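Protein chains in written order, with UniProt numbering: chain B, 1 to 94; chain Z, 1 to 94.
Structure first, commentary second.
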DNA sequence: TAATTTGGTTTATAAAATAAACTGTATTAC
DNA sequence: GTAATACAGTTTATTTTATAAACCAAATTA
């Protein structure tokens, strides 16, 4: 049986990736609202996605406020698509 | 964002449920082989699925050997289908 | 009859997810 | 002007989960 990518098989990380797959760029605040997660949890999970090379994270200032912008990378996109494939197979949705 | 049923959002439990959805009855040994899990892990996860009322577990003797037969219950079937729906929405598979 | 296999369960450990507490800057209220 | 609140996060601690390791009883094989 095919292993599901453990990095993606997490509620919050999967939700984040799903958003980024469709939106192509989103900031911390937006992701937090959309996923209704806590800031702490989101911060940790974004770090993990970043460490895996699945997303890019860019911190900038908008006026005087910090802004954390996330984008899915090519590697992340590929991993997500593979995950969906694996899941379909597992669930026999195909 | 819809919460994914945490009882099903686990690699091994999901695999077990997926098998039971298609096979309708399977014993411990079969599930162990199909999922390539360890006996300990499988035992624990089957307990959880049973405790949730998602599967029925029947222990019997075949000759002199014990046999643990699992079936998905109506509740389990429903939960699984709901989970797949939720996942599709989350992944925007449609 | 001693060692191994089968079919598991129980307990211990490792890894995750989540929450709580904290930081620094900015804004608002008095 | 300064005390209090809010914003945008990060870090650390706690809880929950998953997994692995150790164990058990009965049966089989050497």
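We put the beta carbon where it would ideally sit given N, CA and C, even for glycine.
These numbers come from a predicted model, not from an experiment.
C-beta neighbour in chain B for residue i, strict 8 Å
i	result
residue 18 of chain Z	yes
residue 94 of chain Z	Because the pLDDT at residue 94 of chain Z is just 46, under 50, the model does not fix this residue reliably, and the value given afterwards should be weighed accordingly. No, residue 94 of chain Z does not count as interfacial toward chain B.
Span of the alpha helix (DSSP H) around residue i
i	result
residue 81 of chain B	74 to 91
residue 40 of chain Z	39 to 51
residue 167 of chain B	This structure cannot speak to residue 167 of chain B, because chain B is shown only from 1 to 94.
residue 17 of chain B	11 to 23
Residue i: contacting residues in chain B (beta-carbon distance under 7 Å)
i	result
residue 35 of chain Z	1
residue 4 of chain Z	11
Proximity test, Cβ basis, 8 Å: residue i and chain Z
i	result
residue 84 of chain B	yes
residue 11 of chain B	yes
Under 8 Å from the C-beta of residue i: neighbouring residues of chain B
i	result
residue 15 of chain Z	1, 90
For residue j and residue i, the rounded distance between their alpha carbons
i	j	result
residue 94 of chain Z	residue 88 of chain Z	Any answer about residue 94 of chain Z is weak, because its pLDDT of 46 lies below 50 and its placement is not dependable; what the coordinates show is given next. Between residue 94 of chain Z and residue 88 of chain Z, the C-alpha separation is close to 6 Å.
residue 9 of chain B	residue 80 of chain B	10 Å
residue 46 of chain Z	residue 28 of chain Z	9 Å
residue 42 of chain B	residue 49 of chain B	10 Å
residue 53 of chain B	residue 73 of chain B	7 Å
residue 83 of chain B	residue 63 of chain Z	43 Å
residue 23 of chain Z	residue 57 of chain B	44 Å
residue 17 of chain Z	residue 68 of chain B	39 Å
Contacts that residue i makes with chain Z (C-beta to C-beta distance below 7 Å)
i	result
residue 22 of chain B	92
Bridge partner(s) assigned by DSSP for residue i
i	result
residue 61 of chain Z	Z:66
residue 71 of chain B	B:56
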